[in-house]
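The sequence shown begins at 0 in numbering that gives the first Met the number 0 and counts up one residue at a time.
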Amino acid sequence: MSSAITRRGFVGAGAGVAAVAALPAASASAAKRTSSTRYDVVIVGAGLAGLQAARYLTKKGKKVKVLEARGRVGGRTLNHPIGGGNVIEIGGQWIGPTQDKLAAVAKDVGVKTFKTHWTGQAVYQRGGKRTLFDVTSIIPPDPDAADAAGIVGKLETMGAKIDRERPWTSENALEYDSQTLETFKQHNTSTPGGRFLTDLAVNAVWAAEPRDISLLHTLFYISSAGNETKKGSFLRLTSTTDGAQESRFVGGSQKVSIEMAKRLGSRILLNAPVRRIEQHGSECRVVSDKGTFRAKQVIVAVPPAVSAFIDYDPILPFDRAQLLQRFPQGNAIKCQAVFKEPFWRKEGLSGYVNSDEGPVKLMYDNSPPDGSRGVLLGFIEGQEARRAGRMSAAARKAAVLANFAKTIGPQAAKPQMYVEMNWSTEEWTRGCYGGFLPPGVWTDFGVAVRRPHGRIHWAGAEHATIWNGYMDGALRSGEDAAKNALAKL
């Protein structure tokens, strides 16, 4: 059985930012229907950020409306059934230490966690050689691993000095923001293995290449991977034990959003993409395909790249508009093969793989907590995802399963079910895992990242100062935006 998860093609730039008169007929008709209710806050997006903003404001007694473009809640988290009452996550899925906000919200809505399967032998494949090593080992069996460890140590030391609230004000900010992570890598590694391992880590964290990302953004991101009292670390970003991949959610990560949404009830309106936000005096008008909604304040809780397709009146300030032109999303295709059981465990394998042969270079055991089904998860990231995205679905599946078979064994080429999700084709996301900033953007446009536009506030994982780009950061950003909106009511 093969199941490929697809989405409608992305609405064109002209339609996406058109004024009401240029909307499709049905949408234009809906836009003319103006709600008689005046809300305190209208929230655009029912991902974790938008839902958390709504939760916070509702608890403060405020009247809110959440408009979601999709026919579901959860944003970049999405569950997919695999039979027997089990699900796999085809979007974000992990929770780790210091992700305190995510842990608190999950506990509050009754969603439990379990540890990622992390026992047995891992597979390390480079240069045609397949080597096994204990998955709990921090360093893979590569003679060049010390070279990679050296650059990681330098990045951690530098990241500890970055101001998470205002990265562009940090010492040496302009120097860091004037180069890519690739440039820094080339100057601070000297071996093929060291560079390969660095690239692999960058692909895994940003779903991008080192040449894409500002060094300052890299350091900010490392710094953000902590909590209010503890700065982050590169190892926490990339690790499973004591790292960002340590645990998963029972029932799938989207269950957190689903349970949050249940408590908000009719405050959420699905299939209501927002086309235009107007500000006139003391009132905002949010024009969607399900009608026009009036509010005192608005929170836009969608990825920056998607927020650019909303029409604003008055138009965005020049620096916010220029920021959005320079805020790309990562490229990630999540591929999963489902088997009757996790057969690799009987062979002493953990299911974890690092490989230099694409398209899949990183793999995990993603089986349900009771091991009743076996699931191998493969990530196609960065440049590999850009290439694989142009392949036919059949050719991409064949290439992925060939990776699985070569690293895990021939049996891995014959799953009962195959599921993939290319988040770059998802209409209301346009890429994963999150947005990142190229050189020059933090220092020239950083002031516009979280600054409100009149009565419009920004939220979403890319706007977080702690755990930027992660589910925890999305929740924090939603709550921060809600507090800012509340202060202006």
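Quick reminder that beta carbons are idealized off the backbone N, C-alpha and C, glycines included.
Limits of the alpha helix (DSSP H) - the one that F113 falls within: Premise fails: F113 lies in the beta strand (DSSP E), 112-114, not in any alpha helix (DSSP H).
Whether F378 touches A336 by CB criterion (9 Å): no
Alpha carbon of G231 to alpha carbon of L101, nearest angstrom: 16 Å
S306 - containing alpha helix (DSSP H), residue span: 303-306
C-alpha gap between G347 and D369, whole angstroms: 17 Å
Same chain, Cβ closer than 6 Å to G357, neighbours up to 5 away in sequence not counted: E383
Same chain only: Cβ atoms within 7 Å of P414, ignoring 5 sequence neighbours per side: A336, V337, F338
Three-state secondary structure (DSSP) of P80: strand
C-beta atoms of A304 and G430 nearer than 9 Å: yes
8 Å contact criterion, which Q244 and S252 should meet: CB distance rounded: Q244 to S252, Cβ: 12 Å. No contact.
Nearest-angstrom Cα separation, counted from K64 out to I298: 10 Å
Boundaries (first-last residue) of the alpha helix (DSSP H) holding H216: 214-223
Burial state of A393, where buried means 16 or more other Cβ atoms lie within 10 Å: exposed
Where the alpha helix (DSSP H) through W457 begins and ends: No alpha helix (DSSP H) holds W457; the beta strand (DSSP E) holding it covers 455-457.
Own chain, CB closer than 8 Å to N187, minus 5 neighbours either side, in chain order: G149, I150, K153
Continuous alpha helix (DSSP H) assignments of at least 4 residues falling wholly in the region 323-392: 342-345, 382-387
Every unbroken beta strand (DSSP E) inside the region 391-442 [3 residues or more]: 416-421
Span of the beta strand (DSSP E), counted from its first residue to its last, around A207: No beta strand (DSSP E) contains A207, which DSSP labels as neither H nor E.
Residues near T57 by beta carbon distance below 8 Å, same chain, minus five either side: V63, L263, R266
Three-state secondary structure assigned by DSSP to V134: coil
Secondary structure of N467, DSSP reduced to three states: coil
Burial state of F308, where buried means 16 or more other Cβ atoms lie within 10 Å: buried
CA-to-CA distance, N421 to G46, given in whole angstroms: 18 Å
Proximity to R129 [Cα-Cα], best of R450, N353, A458: N353
Separation of R372 from T168, as counted between CA atoms: 50 Å
C-alpha distance - L400 paired with G84, whole-angstrom precision: 25 Å
S222: CB within 8 Å of a non-hydrogen atom of the ligand HEM: Looking at this structure, you won't find the ligand HEM or any other ligand, since it has none at all.
Buried or exposed (CB count within 10 angstroms, at least 16 for buried), I493: There is no way to answer for residue 493, as the model of the chain reaches only from 0 to 488.
Straight-line gap, V359 to A397 (C-alpha atoms, nearest Å): 11 Å
DSSP bridge partner residues for E88 (one or two, in chain order): N78
In DSSP terms, what V297 is bridged to: V41, I455
N- and C-terminal bounds of the beta strand (DSSP E) containing I491: Because the chain here runs from 0 to 488, residue 491 falls outside it and cannot be looked at.
Other residues of its chain near S476: CB distance less than 7 Å, five sequence neighbours each side excluded: A48, A458, G459, A460, H462, A463
Best match in D107, V108, T112, S136 for proximity to G490 [C-alpha to C-alpha]: The structure shown has nothing for residue 490, since the chain only spans 0 to 488.
Alpha-carbon spacing of W427 relative to P142, whole angstroms: 43 Å
Length of the line joining the Cα atoms of H116 and D471: 21 Å
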